[in-house]
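In our numbering, the protein residues as written are 3 to 320.
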């Protein structure tokens, strides 16, 4: 079966500065891809590029993005708008980024449906909203629809943002740090609710997070980003149980584990995108680096079926 989403050698950035570098991956229907990495590694820029959100001056510098076989760069603005919202939707880290503070929730749901489905009555919108609300355990449909965003708690507002993204039952959800602004208890609830929606609506997801626990819970496949590149990608079990790239190993070592002593932090800082050199981007922080790593050509190697690593030191993971 052909992938739902194909990202081919994607490079993107801001003001001519390359942030995302030669990213390649496929996403199939009903699959969840988790993308993890430190803050500032290019995760959110990649989501904006896929969604073609240019309000933040995101530039696609090279590469192709194909959704359901269509090259998004060749589509008109009107066709891209139709896809974005109906076939593809985005959940932001902060619901304030997606909910209009000056309009009641119900009017925002109605406007979303009318933009993509034409003349829609309030009763039809309410039925659709109630269906999604029920799937994520939200009661009092009418009270929520009659509320302004500021009248909702942070957890409730994020649930509403998730419901709004799912309203038209899109084929793909782009979730950019959907739980990082929530406390731990609410995080767990939102993750479980998103997975329940994904299962009932057969929706594929890309989940961006710096939290390995969230990605481990939600994802089928995990991609690890560093310095704008995907340095390792494979099924969840491969990445969590048999990581190959030194950065992936360092990330997992920094995750607290019950009864395992103190986590081990990673020394140093990520490179600034304006001065990333050729060769391995992790060179300055890697405990396994050698002189040849400084001139590494950044070609991924498949070490197991569908498990790819961007590292020139094959002897450390062979």
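All residues carry an ideal CB built from backbone N, CA and C; glycine is no exception.
- When the alpha-carbon of residue 112 is set against those of 233, 143, 127, 106, the nearest one is in 127.
- Counting other Cβ atoms within 10 Å of its Cβ, residue 240 reaches 16 or more and is therefore classed as buried.
- Taking all protein chains shown into account, residue 3 has fewer than 16 neighbouring C-beta atoms within 10 Å of its C-beta and is therefore exposed.
- Non-local beta-carbon contacts of residue 257 in its own chain, meaning distances under 8 angstroms to residues more than five positions away in sequence, involve 214, 215, 265 in chain order.
- DSSP, read as helix, strand or coil, puts residue 278 in coil.
- By the criterion of at least three beta-carbon pairs nearer than 8 angstroms, the stretch 181-200 is in contact with the stretch 146-165.
- Pairing residue 85 with residue 34, the inter-Cα distance amounts to about 19 angstroms.
- Within the same chain, Cβ atoms closer than 8 angstroms to the Cβ of residue 30 are found at 3, 5, 6, 206, the five residues on either side in sequence being excluded.
- With respect to the 8 angstroms criterion, residue 289 and residue 245 are not classified as neighbours on the basis of their beta carbons.
- Boundaries of the beta strand (DSSP E) harbouring residue 228: 223-228, taken from the DSSP string.
- For residue 86, the beta-bridge partners assigned by DSSP are 90.
- Selection 143, 297, 229, 66 evaluated against residue 28 yields 66 as nearest (Cα-Cα).
- In the DSSP assignment, no residue is bridged to residue 285.
- Residue state for residue 3 is assigned as coil, using DSSP reduced to three classes.
- Between the alpha carbons of residue 255 and residue 315 lies a distance of about 20 angstroms.
- The shortest CA-to-CA distance from residue 311 to any of 228, 277, 274, 270 is the one to 228.
- Across the set 18, 48, 151, the C-alpha of 48 shows the shortest separation from the C-alpha of residue 231.
- For the pair residue 297 and residue 283, the CB atoms are not nearer than the 8 angstroms cut-off.
- By the Cβ criterion, the stretch 169-176 is not in contact with the stretch 136-143, since fewer than three pairs of Cβ atoms, one from each stretch, lie closer than 8 angstroms.
- Here residue 253 is near residue 226, since their CB atoms are less than 8 angstroms apart.
- DSSP, read as helix, strand or coil, puts residue 20 in strand.
- Residue 14 and residue 51 do touch by the CB rule: their CB atoms are close to 4 angstroms apart, below 8 angstroms.
- For residue 97, the CB contacts under 6 angstroms within the same chain, skipping 5 residues up- and downstream, are 159, 160, 163 in chain order.
- Residue 61 sits in a strand when the DSSP states are folded into three classes.
- Taken through DSSP and simplified to helix, strand or coil, residue 66 comes out as strand.
- Taking the CA atoms as reference points, residue 23 sits about 43 angstroms from residue 121.
- Under DSSP, residue 38 forms a beta bridge with 211, 226.
- Between residue 16 and residue 60, the beta carbon gap of about 7 angstroms places them in contact (Cβ cut-off 8 angstroms).
- Take residue 220, set aside five residues on each side of it, and the residues of its chain with a beta-carbon closer than 8 angstroms to its own are 34, 36, 193, 196, 197, 207, 209, in chain order.
- Leaving aside the five residues that flank residue 319 on each side, the residues in its chain whose CB is nearer than 8 angstroms to its CB run, in chain order, 246, 247, 305, 311, 313.
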